[in-house]
Each structure stands twice: as structure tokens, then as C-alpha cells.
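Presented below is the structure to which this report refers.
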Amino acid sequence: MTGSSQDCGEVEIVGGVPLGGGNPDRWTTARGSTPIKGAPGSREGHGGQRTGGSPACRGRCGTFTFLSSAIAAISGFLMGYELGLISGALLQLSSILALSCKQQEIVVSSLLIGALLASLTGGFLIDRFGRRIAIIIASCLLVLGSLILILSTSYGILIAGRIAIGISISLSSIATCVYIAEIAPQHRRGLLVSLNELMIVIGILFAYIANYVFASVSHGWKYMFGLVIPIGALQAIAMYFLPPSPRFLVMKGGDEAASKVLGRLRATSNIAEELTVIKSSLKDEHQYSFLDLFRSKDNMRARMLIGLTLVFFVQTTGQPNILFYASTVLKSVGFQSNEAASLASTGVGVVKVVSTIPATVFVDQVGSKTFLCVGSSIMAVSLVTMGLVNLNIHVNFTNICRNQFLEDSIFRGPGNVSASNESLKEQFASMSSQGRTSPTTLRRSEIAKAEEQNSTALVGERTSAASQTASHIVIDTVEVPVALKWLSLASLLVYVAAFSIGLGPMTWLVLSEIFPGGIRGRAMALTSSMNWGINLLISLTFLTVTDLIGLPWVCFIYSIMSLASLAFIIVFIPETKGCSLEQISMELAKHFRGSDESSDLLGKSHQKRPTRKSCICLYSVI
């Protein structure tokens with residue numbers, strides 16, 4: 001998202017909508033929409049640009065408005081933190097609770113189960129109880145979920161805590177974007193809404209930093225989960241003292257209360273025009289029904305297929321798994337200790353933050369389709385590189401989440417072989433004599449055989465981490481070649497950067513533009529629910545698929561999907577740069593020709609494009 005323009009001569013509107021339920025026209029006029037006839041400062045027939053000096057433009061944004069938006073945007077930080085946290089926490093939990101591959105996948109995916117449930121009902125909740133109350137509920141639920149995680153002593157309790165966290169972040173993602181968009185003045189809305197997106201990627205970065213800091217700390221995973229408790233509690237308390245959304249008050253018939261809230265937010269008493277705009281925009285939602293999304297009316301069925309396919313590629317190109325399993329993957333490619341893997345994954349968070357900036361600053365000049373094409377192309381190349389590098393490392397990537405204790409003992413142990421059982425010594429000595437000195441090349445069948453022969457020497461699967469350490473195996477390790485290890489990390493970071501400038505932010509920007517305002521909220525609710533569902537499926541099977549075919553081939557499959565997404569984007573996604581929402585919707589209602597023809601068709605407008613903003617609440621980080 002770009003920064004907000006200082007010139008009040010052009011309209012700046014949020015082009016996006018919340019992820020799940022609710023109509024966007026309840027809180028904002030669509031970007032580029034025609035101003036109300038006769039409104040001060042309006043110019044009919046000019047693509048929605050405004051040149052007068054309306055009170056909203058002349059009035060100060062106000063410190064109170066900015067403070068309210070910043071407090072609400074804390075939800076973005078909490079979301080990003082929870083999404084990135086499991087990457088490092090899983091390294092400790094897998095050993096402490098002796099989690100199998102499938103159990104680790106369920107631990108990761110349980111958050112998505114909660115998020116999917118909330119996405120189906122979140123729109124109803126925020127319309128029924130209000131945006132501010134929904135944020136307070138989400139914050140309290142996050143505190144509760146975090147306490148459950150800290151106190152969890154079993155696999156089942158861990159899952160319950162993760163589901164609660166998933167419900168919390170999904171509900172907050174909906175409510176926060178709506179609340180900020182509705183309290184922000186029109187000429188500052190893009191700037192204030194962008195706080196949420198920025199806080200998400202910052203939250204991911206802080207999660208990776210926490211993973212590294214507590215990687216070697218006893219019960220460090222509890223500190224990781226507990227860090228957000230005071231933040232969530234403080235946000236809930238602060239939100240209680242903030243005003244409700246004025247648009248929500250109008251929806252409930254509280255025009256007088258809405259007028260008072262607007263006066264406080266705008267630091268001016270002249271808010272009649274804005275109140276009139278709010279009332280007018282609420283009427284548009286009745287033009288379409290939900291079933292119209294699947295009908296030929298205005299070519300809605302084709303638009304819906306475009307949106308669902310684009311969301312499909314967001315997930316099947318593999319980025320969510322990199323977010324959730326970054327530390328596990330990096331550990332398997334040569335960053336052998338938990339600390340090294342967590343530190344390397346911190347680079348992923350830094351890259352996501354840095355890459356988000358050019359994507360949001362230059363999208364209006366470059367165009368969303370260009371960013372999508374460039375991002376998918378670079379993703380394909382980097383994934384092929386990562387796959388080839390991993391093949392040459394000769395690491396056995398299957399079962400990367402199994403035998404965690406034995407692997408940790410091998411990776412971390414200094415010195416010579418010192419096992420209590422002679423047969424295990426002979427096993428490693430035999431490997432060394434054959435020139436296979438690297439523990440990373442130890443075949444799983446040989447590990448299993450050694451474990452079976454030494455069942456009395458090794459601790460049971462369910463023993464504590466302390467007792468495991470007491471009976472660990474120590475061997476001399478040989479590192480993965482430095483060049484290959486760092487090339488693998490570099491290709492991973494390039495892949496993350498490419499997603500962060502392409503499919504991540506631009507997908508939801510495109511979706512916010514191709515649907516008419518009267519049905520945009522319901523369309524986004526459907527696409528976001530599908531996004532959560534596919535994310536759940538992909539994350540629930542990542543380790544299993546990697547177990548079956550190996551990480552290099554997983555990378556190659558993701559590369560193929562990236563190329564498929566590139567072809568789809570070139571053929572079907574129009575370049576909407578320089579067009580108002582009315583122009584886009586009008587042309588798509590006639591036909592959807594895709595590729596250059598659509599680009600030319602939509603590009604006939606030579607007027608200056610209003611600055612484009614999008615409420616990117618979750619899917620720009622995963």
C-alpha cells in the first residue's frame with residue numbers, strides 16, 4: 001500500500017474489503033466512485049476524482065484518529081506473530097511431546113481450522129455487535145488461547161489453544177480492517193489502513209526473532225506463546241475507551257451518535273457531507289444477492305472463477321508452508337541446530353518486511369498485473385534453484401519431522417562417538433569407514449535399526465526432554481557444504497521476496513477491483529473462506545507429502561504451480577492501472593477477454609488514477 005497523498009484534489013479510497021462477510025460499501029465509498037451529486041467539491045463524470053475542498057479534506061486527520069487506528073492495528077501485529085511463531089515453537093514441541101509427522105501437521109493446521117470457522121461467521125458478528133466490540137472479543141480470546149498453550153501438558157490441550165488463537169486472529173482481521181477504514185478520513189484512509197498490513201509483517205519478523213532468542217532456553221516455547229498476552233490484554237483495554245465506528249452507528253440507526261463520533265474523529269463540527277455519503281453508500285448493498293456470484297448476470301460467474309483460481313494459486317505455490325515450517329525446512333538443509341535454523345528463518349521475516357515496501361509504494365505506477373507476473377516468474381526460478389541445490393546436498397529429506405530426538409542428538413553432539421551400546425558405535429563406525437561421515441546422510445532405515453537394537457540404551461518416546469538429553473548419542477558431525485547451504489537459504493529468501501511483491505498483496509487488490517461494490521463483501525467472504533480451506537489442506541499434508549517424495553520434488557511441484565499461475569495471470573487477469581472501479585466493473589460486465597486485449601480495453605482511460613489502497617488483512621503474509 002502506498003502512502004497517502006497530501007493533495008486533497010484526488011480521492012483516496014480503500015480498494016479492499018475485510019476477509020469474510022460484510023459489505024464494503026458499509027464503511028467506504030469504492031475507490032474511484034462518483035461523488036454524490038451536488039456534494040461540495042464533487043465533479044461528476046471525472047472517474048470519481050474530487051477537486052474541491054470538502055470538510056473531510058480540509059479538516060485535520062487528528063491525533064485521536066491516528067491513535068485509534070494504531071491501537072486497532074495491533075491486531076495485525078498479533079496475527080503476524082501467531083502465524084510466524086509456530087515455525088520455531090514446533091522445533092521444541094516436537095521433542096517434548098514426541099509429536100509424529102501427522103501430529104505436527106495438525107498442530108500447525110489447527111490454527112487454520114479456527115480461522116476458517118471464524119471467517120464463515122465473522123462478517124455476521126461484526127455487523128451484529130460492532131467492529132470495536134469484535135476486536136475486544138478477539139483480543140480476549142487471544143489471551144485465553146495463549147494461556148491455554150502455556151499451560152498445555154498434552155497434545156489435545158495444545159490443539160484447543162491453537163484453535164482459539166485461530167478464531168481470534170481471523171475475527172480480528174475482519175474487524176480491524178473494517179474499523180480503521182470506517183473511522184479514517186477519506187484523504188487519509190489509505191495511510192491508516194496500511195498500518196494493519198505493515199504490522200502483520202512486523203509481527204512475523206518479531207515471531208522469528210522470538211524463535212531464535214528462546215530456541216535454546218528450557219521451555220522456551222512457553223515464553224514464545226506468552227509474549228503476546230500483555231499486548232493482547234492492553235489492546236482490549238484500550239479499545240474499550242475508543243469510539244464505535246460511525247458507519248456502524250448509522251447502520252443501527254444512530255445518526256446523532258454517529259455525528260458526534262465523526263466530530264471527535266475529524267476534529268471539526270462540519271461533518272454533514274461525510275454523514276450523507278455514509279447513508280448513501282449503505283443503499284448499494286441491496287443491488288445484488290449472494291447467488292448472483294454464480295450467475296451470468298454482469299458476468300459474475302466468470303469473475304468468481306477468476307477470483308477463486310487466483311486464491312488457489314496463492315496457496316498451491318507453497319508460501320504458507322514456508323511460513324509455518326521455515327525452521328524445520330532450514331534445519332533439514334544444513335542449519336542443524338534449533339538456534340541456527342531459527343536465526344536463518346529470521347531472515348525470512350526481514351525479507352517479507354522489506355519486500356512489502358516497494359510492492360505497496362509502486363503498485364499505482366507499475367500496475368498489479370506486472371507485479372503478479374514478475375513475482376510468479378521469480379518464484380518459479382527460485383524454487384527450481386532450491387530444489388536442485390537440495391538434491392546436490394544429498395540430505396535425506398524424507399521423515400524430516402521424525403526421530404527428532406535422535407536427529408537433535410546427532411546434529412548437536414560434539415566430540416567422538418560415545419554411546420553406551422557397542423552395536424550403535426559399530427553402526428556409525430561402519431558408516432565412517434565408507435566415507436559417509438556426515439550425519440545428515442544417515443539413512444532412516446539405519447536409524448530405525450539402531451534404535452531397535454538399542455532400545456534399552458535410548459529413552460522412550462514419551463520421556464521428558466531432560467531425560468532424553470541424559471542419554472543422548474554424541475558423534476562428530478560434518479557440515480553441509482557452506483556454499484550449498486547458503487545458496488539454499490538465498491533461493492528461499494528470493495522466493496519469499498517474490499511472493500511478497502506478487503501473489504501476496506496483489507491477489508487481494510485484484511479481487512477488490514473485479515467485483516461490484518454491492519456484492520464485493522460477499523465475494524471476498526467466499527474467496528477468503530476458500531483461501532483458509534486450501535491453506536488448511538496444504539498445511540495439513542506438507543510434512544506427509546515431503547515424507548513421501550522429498551523436499552526437492554516438493555520444490556519442483558511448487559515451481560510448476562508458479563509457472564501455471566504466471567500463464568493464468570497473463571491470459572485472464574486484466575491490468576486495471578488507470579481505471580476507476582466503475583470502468584473496471586462496466587468492462588468486465590460486458591466481457592472478459594484477458595491478457596493484452598483486456599489490458600488495452602481497460603487502459604483506454606487517460607485520466608489520472610486515484611491512489612489505490614487495499615485492506616490486506618491476512619493473505620499478504622502467507
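UniProt numbering numbers the first residue of the sequence shown as 1 and each following residue consecutively.
The C-beta atom is built at its ideal place from N, Cα and C for all residues, glycine as well.
This one's a predicted model, so the numbers in the text were calculated from it and none came from an experiment.
Neighbourhood of L111 by C-beta distance below 6 angstroms, restricted to the same chain and skipping five residues each side: Within the sequence shown, numbered from 1, the residue matching residue 111 stands at position 111. Only R162, I165, G166 meet the Cβ criterion.
Limits of the alpha helix (DSSP H) - the one that R132 falls within: By one-based count along the sequence shown, residue 132 stands at place 132. That run of the alpha helix (DSSP H) goes 131-151.
Reference P574; option with closest CA among L509, I560, Y325, M530: Position 574 of the sequence shown holds residue 574. Closest by alpha carbon: L509.
I133 versus M239: straight-line alpha-carbon distance, rounded: Within the sequence shown, residue 133 is the residue found at index 133, counting from 1. Within the sequence shown, residue 239 is the residue found at index 239, counting from 1. Answer to the nearest angstrom: the Cα atoms are 8 angstroms apart.
Start-to-end residues for the alpha helix (DSSP H) that takes in G367: In the sequence shown, residue 367 corresponds to position 367, counting from 1. Counting along the chain, G367 falls outside any alpha helix (DSSP H), and DSSP gives it neither H nor E.
Residue range of the unbroken alpha helix (DSSP H) whose run includes F312: One-based indexing of the sequence shown puts residue 312 at position 312. Its alpha helix (DSSP H) spans residues 300-316.
8 angstroms Cβ cutoff met for L93 and V107: Within the sequence shown, numbered from 1, the residue matching residue 93 stands at position 93. Within the sequence shown, numbered from 1, the residue matching residue 107 stands at position 107. Taking 8 angstroms as the Cβ cut-off, L93 and V107 qualify as a contacting pair.
Nearest-angstrom Cα separation, counted from S172 out to R247: For this step, residue 247 is matched to residue 247 along the sequence shown. For this step, residue 172 is matched to residue 172 along the sequence shown. Computed Cα separation, rounded: 18 angstroms.
Exposure of Q104, with buried meaning 16 or more beta-carbon neighbours within 10 Å: Counting from 1 along the sequence shown, the entry for residue 104 is found at position 104. So Q104 counts as buried.
Straight-line gap, R128 to P243 (C-alpha atoms, nearest Å): Within the sequence shown, numbered from 1, the residue matching residue 128 stands at position 128. Within the sequence shown, numbered from 1, the residue matching residue 243 stands at position 243. Counting only the Cα atoms, P243 lies some 16 angstroms from R128.
Straight-line Cα distance separating D547 from T541: The residue you call residue 541 lines up with position 541 of the sequence shown. The residue you call residue 547 lines up with position 547 of the sequence shown. When rounded, the distance between both Cα atoms is 10 angstroms.
Length of the line joining the Cα atoms of A564 and T356: To locate residue 564, count along the sequence shown from 1; it is residue 564. To locate residue 356, count along the sequence shown from 1; it is residue 356. Looking at the two C-alpha atoms, the distance is approximately 23 angstroms.
Short Cβ contact (8 angstroms threshold) for P505 with T317: On the sequence shown, position 505 is the one that residue 505 refers to. On the sequence shown, position 317 is the one that residue 317 refers to. Inclusion of P505 and T317 in the CB contact set at 8 angstroms is not warranted, their separation being larger than that value.
Runs of alpha helix (DSSP H) lying entirely within the segment 77-132, each at least 4 residues, in chain order: Runs of the alpha helix (DSSP H) spanning 4 or more residues and lying entirely within the segment 77-132 occur at 101-129, in chain order.
The segment 77-89 contacting the segment 221-229, beta-carbon criterion three pairs below 8 angstroms: Cβ pair count under 8 angstroms is three or more, so yes.
Extent of the continuous alpha helix (DSSP H) to which V178 belongs: Translated into the one-based positions of the sequence shown, residue 178 becomes position 178. Secondary structure note for V178: its alpha helix (DSSP H) is the uninterrupted segment 155-183.
Exposure of V217, with buried meaning 16 or more beta-carbon neighbours within 10 Å: Taking the first residue of the sequence shown as 1, we reach residue 217 at position 217. When all chains shown are included, V217 counts as exposed.
C-alpha distance - M199 paired with I74, whole-angstrom precision: Locating residue 199 in the sequence shown gives position 199, counting from the first residue. Locating residue 74 in the sequence shown gives position 74, counting from the first residue. M199 and I74: Cα-Cα distance of roughly 7 angstroms.
C-alpha distance - I538 paired with Q315, whole-angstrom precision: Here residue 538 corresponds to residue number 538 of the sequence shown, with the count starting at 1. Here residue 315 corresponds to residue number 315 of the sequence shown, with the count starting at 1. Using only the alpha carbons, I get a separation of about 7 angstroms.
Assigned secondary structure, E575 (DSSP; H/G/I helix, E/B strand, else coil): Stepping through the sequence shown from its first residue, residue 575 is reached at position 575. DSSP places E575 in coil when its eight states are reduced to three.
For A236 and C140, believed in contact at Cβ under 8 angstroms, the rounded distance: Within the sequence shown, the letter at position 140 stands for residue 140. Within the sequence shown, the letter at position 236 stands for residue 236. Yes, they are in contact, since the Cβ atoms of C140 and A236 sit about 5 angstroms apart, within 8 angstroms.
Whole-Å CB distance - L308 paired with M561, under 8 angstroms assumed: What you label residue 308 is simply residue 308 of the sequence shown in a count that begins at 1. What you label residue 561 is simply residue 561 of the sequence shown in a count that begins at 1. Wrong, their Cβ atoms sit about 15 angstroms apart, outside the cutoff.
Sequence-distant residues of its chain with Cβ nearer than 6 angstroms to V389 (five each side left out): One-based indexing of the sequence shown puts residue 389 at position 389. Within the same chain, V389 has close Cβ partners L484, L487, S488.
Given I231 as reference, the closest of V213, V351, D364, G76 once Cα atoms are compared: Working through the sequence shown from its first residue, we reach residue 231 at position 231. The alpha carbon of I231 has as its nearest neighbour, out of V213, V351, D364, G76, the alpha carbon of G76.
Cβ shell of A233 (< 6 angstroms), same chain only, five flanking positions each side left out: On the sequence shown, position 233 is the one that residue 233 refers to. Exclusion of the five residues before and after A233 leaves V143 as the residues of its chain whose Cβ lies within less than 6 angstroms of its Cβ.
L67: first and last residue of the uninterrupted alpha helix (DSSP H) it sits in: The residue given as residue 67 occupies position 67 in the sequence shown. Counting along the chain, the alpha helix (DSSP H) containing L67 begins and ends at 63-72.
Where E256 falls, given that 16 or more other Cβ within 10 Å makes a residue buried: Reading the sequence shown from its first residue, position 256 is the one you call residue 256. E256 comes out exposed.
Residue range of the alpha helix (DSSP H) that includes I237: Residue mapping note: residue 237 aligns to position 237 of the sequence shown, counting from 1. Where I237 is concerned, the enclosing alpha helix (DSSP H) stretches over 228-240.
Beta-carbon proximity check, L275 vs F64, cutoff 8 angstroms: Within the sequence shown, numbered from 1, the residue matching residue 275 stands at position 275. Within the sequence shown, numbered from 1, the residue matching residue 64 stands at position 64. Their beta carbons are not under 8 angstroms apart, which means L275 does not touch F64 by this criterion.
S528 in three-state terms, based on DSSP: For the purposes of this step, residue 528 is taken as the residue at position 528 of the sequence shown. DSSP, reduced to helix, strand and coil, places S528 within a helical segment of the structure shown.
Supposed contact pair S376 and I569 - C-beta distance, whole angstroms, cut 8 angstroms: Here residue 569 corresponds to residue number 569 of the sequence shown, with the count starting at 1. Here residue 376 corresponds to residue number 376 of the sequence shown, with the count starting at 1. With a contact defined as Cβ atoms closer than 8 angstroms, I569 and S376 qualify at about 6 angstroms.
Rounded C-alpha distance that separates T507 from T527: The residue you call residue 507 lines up with position 507 of the sequence shown. The residue you call residue 527 lines up with position 527 of the sequence shown. Note on geometry: alpha-carbon atoms of T507 and T527 lie some 11 angstroms from one another.
Backbone secondary structure at R264 - three-state DSSP: Reading the sequence shown from its first residue, position 264 is the one you call residue 264. Three-state result, R264: helix.
Chain-order list of residues whose beta-carbon lies under 6 angstroms from that of S368 (same chain, five-residue window excluded): Numbered from 1 along the sequence shown, position 368 holds the residue referred to as residue 368. M506, L509, V510.
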